[in-house]
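Number of protein chains: 2
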Amino acid sequence: MRWEELDREHCSLARTLSVVGDRWTLLVLRECFLRIRRFEEFEQRLGIARHVLADRLKKLTEAGVLEKIPYQERPRREEYRLTEKGLALYPALLALLDWGDEYMSGKKGPPLLRRHKACGHVAHAVPTCSECGEPLDARAMTAEPGPGAPAGFVVPQRPSKSAVDK
Amino acid sequence: MRWEELDREHCSLARTLSVVGDRWTLLVLRECFLRIRRFEEFEQRLGIARHVLADRLKKLTEAGVLEKIPYQERPRREEYRLTEKGLALYPALLALLDWGDEYMSGKKGPPLLRRHKACGHVAHAVPTCSECGEPLDARAMTAEPGPGAPAGFVVPQRPSKSAVDK
DNA sequence: CTTGACAAGTTCCCTTTCGGAACCCATTCT
DNA sequence: AGAATGGGTTCCGAAAGGGAACTTGTCAAG
Numbered sequence: 001m002r003w004e005e006l007d008r009e010h011c012s013l014a015r016t017l018s019v020v021g022d023r024w025t026l027l028v029l030r031e032c033f034l035r036i037r038r039f040e041e042f043e044q045r046l047g048i049a050r051h052v053l054a055d056r057l058k059k060l061t062e063a064g065v066l067e068k069i070p071y072q073e074r075p076r077r078e079e080y081r082l083t084e085k086g087l088a089l090y091p092a093l094l095a096l097l098d099w100g101d102e103y104m105s106g107k108k109g110p111p112l113l114r115r116h117k118a119c120g121h122v123a124h125a126v127p128t129c130s131e132c133g134e135p136l137d138a139r140a141m142t143a144e145p146g147p148g149a150p151a152g153f154v155v156p157q158r159p160s161k162s163a164v165d166k
Numbered sequence: 167m168r169w170e171e172l173d174r175e176h177c178s179l180a181r182t183l184s185v186v187g188d189r190w191t192l193l194v195l196r197e198c199f200l201r202i203r204r205f206e207e208f209e210q211r212l213g214i215a216r217h218v219l220a221d222r223l224k225k226l227t228e229a230g231v232l233e234k235i236p237y238q239e240r241p242r243r244e245e246y247r248l249t250e251k252g253l254a255l256y257p258a259l260l261a262l263l264d265w266g267d268e269y270m271s272g273k274k275g276p277p278l279l280r281r282h283k284a285c286g287h288v289a290h291a292v293p294t295c296s297e298c299g300e301p302l303d304a305r306a307m308t309a310e311p312g313p314g315a316p317a318g319f320v321v322p323q324r325p326s327k328s329a330v331d332k
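Going down the list, the sequences are from chains Z and U.
With the working numbering, the residue at position 69 of the first sequence is 69, and numbering never jumps.
Adding 166 to a residue's 1-based position in the second sequence gives its number in the working numbering.
Pasting the structure below:
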């Protein structure tokens, strides 16, 4: 399977990854959420090769995650800003960040803390059920085919037949 | 910046991406959460080149996200299972999945629905504040240096100086 | 008028990684 | 003995990435 085929997969994760599932893309988005908007700023902060940066910004723009907004004419210069679609990636970034804080920090602890403006506490994100509000974990959900499922789609429900689930 | 340098970055997102920030790795993890555990199963379901799969499984195992568990001796065969550290990636996968459902589904809607066992409803994840329980979005948080911050670390707080924030 | 600076790319070359297919190896089945 | 099974490794050509130099449009300084 190639990159270009990913977005035709019948899987929302695969489709998401066709947009953001790349080495640099999520780091570019991290910068966007930190209010970085200009080509040179991205380049200097990330140490990314310029043509790779140009490619990622172009793809993110085409995907509707970023938009180019002119901030001056003559010479025309544009900066990149998150769209609504891009802002909606925040929960995903936050979840990855929280995992890194928890499992990848050194002895000293996480390098960056996030404080919830509304309550004033240093906080992390807890995924909760949109319907009942209870916290969710890996085993709290079951999968089932949805309206966009291809014909004959099967959701694997059990471990490999000869394996005994612990 | 190269791959190998990513895990030395003072950023939890970069460190997380040094483990899972690759084209295939998150798809391998998707399969893990669907209870796929064996080399051949991963290969057939993903259509990934075998040596790339071997490499990703090795790296995930070394990172402590998966562990190899023997399911038979003579010949010795092992399968890959999520560790606690791996299971803790569920919120991140779920957030990416939900974003894909929302923004990348075709007209027909998402291909796979997730039902919350506890309440019985089809649901998605809502990130909420660990301290006050309110839902979080992109602008609800501020960043500040934490205990693991490098000396002289600066959190960008404002847009580029000449830009007017909309 | 020429030179320089700036921002945002683009081009070039060389190295690394990937996709696809073939091959390997220990063990069991027929 | 020969084929099958599971989990890899090896090889090749193609694609992507790293790094540096070059381009373009415009203004400001000398």
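Every residue, glycine too, gets a C-beta built ideally from N, C-alpha and C.
Inclusion of residue 143 of chain Z and residue 155 of chain Z in the CB contact set at 7 angstroms is warranted, their separation being smaller than that value. Chain Z has a Cβ within less than 7 angstroms of the Cβ of residue 267 of chain U.
The C-beta separation of residue 259 of chain U from residue 196 of chain U comes to about 7 angstroms, placing the pair in contact by the 8 angstroms criterion.
The C-alpha of residue 173 of chain U is placed about 29 angstroms away from the C-alpha of residue 7 of chain Z. Residue 200 of chain U and residue 250 of chain U have their alpha carbons spaced roughly 16 angstroms apart.
Cβ proximity to chain U below 9 angstroms picks out 132, 133, 134, 135, 136, 137, 138, 139, 140, 141, 142, 143, 144, 145, 146, 147, 148, 149, 150, 153 from the stretch 132-153 of chain Z. The three-state secondary structure of residue 201 of chain U, taken from DSSP, is coil. A direct Cα-to-Cα measurement between residue 73 of chain Z and residue 38 of chain Z gives close to 15 angstroms. Residue 68 of chain Z is outside the set of residues whose beta carbon lies under 7 angstroms from a beta carbon in chain U. When Cβ-Cβ separations below 7 angstroms define contact, residue 280 of chain U makes contact with chain Z.
Residue 82 of chain Z and residue 211 of chain U have their alpha carbons spaced roughly 34 angstroms apart. Boundaries for residue 121 of chain Z: no alpha helix (DSSP H) harbours it, and the DSSP string shows neither H nor E there.
Under the 7 angstroms criterion on CB atoms, residue 263 of chain U is classed as interfacial with respect to chain Z. Residue 16 of chain Z and residue 125 of chain Z have their C-alpha atoms spaced approximately 20 angstroms apart. By the criterion of a C-beta distance shorter than 8 angstroms, residue 78 of chain Z is surrounded in its chain by 68, 69, 70, 71, once the five residues flanking it on both sides are discounted. Selection Z/152, Z/138, Z/24 evaluated against residue 58 of chain Z yields Z/24 as nearest (Cα-Cα).
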